[in-house]
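*Asks:*
Number of protein chains: 2
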Amino acid sequence: MDNVQFATATHILTLLAVTEGVVPSAYLAGSININPAMVRKALSTLRTHGLVETKEGKGGGAILAKPADKILLSDVYHAVNSTPLLGKANRPNPDCLVGKQINDHLIELYTQADNALINKLSTITLADFVKKFK
Amino acid sequence: MDNVQFATATHILTLLAVTEGVVPSAYLAGSININPAMVRKALSTLRTHGLVETKEGKGGGAILAKPADKILLSDVYHAVNSTPLLGKANRPNPDCLVGKQINDHLIELYTQADNALINKLSTITLADFVKKFK
DNA sequence: CCATACTGTAACTCTATTTATTACAGTACA
DNA sequence: TGTACTGTAATAAATAGAGTTACAGTATGG
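Protein chains in written order, with the working numbering: chain A, 33 to 166; chain B, 33 to 166.
Structural data, given as structure tokens:
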């Protein structure tokens with residue numbers, strides 16, 4: 033992953049946490065300074081992971097699916113990210129003793145490293161994050 | 033970051049750890065299955081971080097700058113990576129209360145998450161990693 | 001002192017990924 | 001029924017990363 037989706041998702045959730053009622057994508061897009069269609073793509077991901085609910089039609093928009101203190105930042109991470117951050121590998125030479133084994137060992141390592149990061153994110157709730165805004 | 037540099041660097045260091053003497057970039061490139069010029073770019077980075085030494089001219093190549101049990105995987109990470117993995121952000125609207133503050137809060141969060149990952153990597157030496165190869 | 005075998009690095013191209021944009025059908029409300 | 005939304009597909013633009021080529025510079029050995 034080398035994308036802005038975690039930032040976008042966190043921004044959306046923060047706005048939803050501090051705003052009453054249902055919020056349209058155009059409003060969220062204005063704060064994040066991106067296109068409303070991008071916001072709706074992000075909301076689609078967050079919805080499938082149970083973090084927001086959306087409502088179609090006039091007066092529609094998004095709202096948190098549960099209280100901000102029940103949403104962990106690791107939930108946000110999992111919503112936008114399915115592979116370890118340190119996840120890229122080469123296609124090494126299978127005729128080399130090291131080359132033929134290294135990807136298995138790297139995957140194991142990447143998983144350990146990713147879990148350390150996820151564990152840290154799981155100690156912070158959206159509510160904790162939102163508290164920083166004054 | 034979304035690149036293969038950590039994998040390349042770790043592969044190079046593993047090969048150097050299991051090989052006697054100075055190893056030319058063409059040999060390393062053969063195991064990793066990449067271009068020798070890419071290997072030399074990677075070696076250049078590792079050299080400036082004190083992890084390898086290189087020798088020019090005929091019979092030249094690379095060698096570990098210190099024993100494998102003195103090289104931490106976090107050293108490798110630092111060599112190839114200067115910004116947090118979760119590091120990307122938008123350019124939010126400065127006229128919005130959330131938008132104008134969020135990047136500062138995200139940077140703080142990214143740093144914490146990155147440190148958790150680095151701490152994990154700092155518990156593993158190159159020697160530990162190399163032991164997995166049979 | 002010259003042929004050889006390397007490194008170091010710049011310039012460039014190619015490719016993959018991510019982001020942005022546009023468009024429009026579908027839906028809900030008043 | 002008009003209006004204000006969502007959902008999503010298609011596509012374009014931008015960016016970053018990887019790969020390639022080229023060649024000057026350097027060390028070694030005969």
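Here a beta-carbon is modelled for each residue, glycine too, at the ideal position from N, C-alpha and C. Here the structure is a predicted model, which means the values were calculated and not measured.
On a CA-only basis, which of L48(A), D101(A) and D34(A) is nearest L75(A)? Give me that one, please.
*Replies:* Of the candidates L48(A), D101(A) and D34(A), the one whose C-alpha sits nearest the C-alpha of L75(A) is L48(A).
*Asks:* For a contact meaning CB atoms closer than 7 Å, what does R123(A) contact in chain B?
*Replies:* N65, listed in chain order.
*Asks:* Spell out whether any CB of chain A is found under 8 Å from the CB atom of G143(B).
*Replies:* Here the sequence assigns Thr to residue 143(B), which means Gly is not the residue at that position. Taking Cβ atoms only, chain A never reaches closer than 8 Å to T143(B), which makes this a no.
*Asks:* Quick check: is the beta carbon of G131(A) nearer than 8 Å to any beta carbon in chain B?
*Replies:* Taking Cβ atoms only, chain B reaches closer than 8 Å to G131(A), which makes this a yes.
*Asks:* If we ignore side chains and look at the alpha-carbon of each, how far apart do A159(B) and P99(B) end up?
*Replies:* Their Cα atoms are separated by approximately 8 Å.
*Asks:* Using C-beta distances below 7 Å, list every residue in its chain close to I134(B), excluding the 5 sequence neighbours before and after it, in chain order.
*Replies:* Within the same chain, I134(B) has close Cβ partners P124.
*Asks:* For S114(B), does the count of other Cβ atoms within 10 angstroms reach 16, so buried, or fall short, so exposed?
*Replies:* When all chains shown are included, S114(B) counts as exposed.
*Asks:* Could you name the residues of chain B that A69(A) contacts, counting a contact when the two beta carbons are closer than 9 Å?
*Replies:* Residues of chain B passing the Cβ test: none, with the nearest at roughly 15 Å.
*Asks:* Any C-beta of chain A sitting closer than 8 Å to the C-beta of L117(B)?
*Replies:* Yes, L117(B) lies at the interface with chain A (some Cβ there is under 8 Å from its Cβ).
*Asks:* For L158(B), which three-state DSSP category applies?
*Replies:* Helix, per DSSP.
*Asks:* According to DSSP, is T86(B) helix, strand or coil?
*Replies:* Here T86(B) sits in strand by DSSP.
*Asks:* Taking its Cβ as the centre, do 16 or more other Cβ atoms sit within 10 Å of G82(B), making it buried, or is it exposed?
*Replies:* Burial call: exposed.
*Asks:* So which residues of chain A does K152(B) contact, with C-beta pairs closer than 7 Å?
*Replies:* The answer, in chain order, is Q144, A145 and A148.
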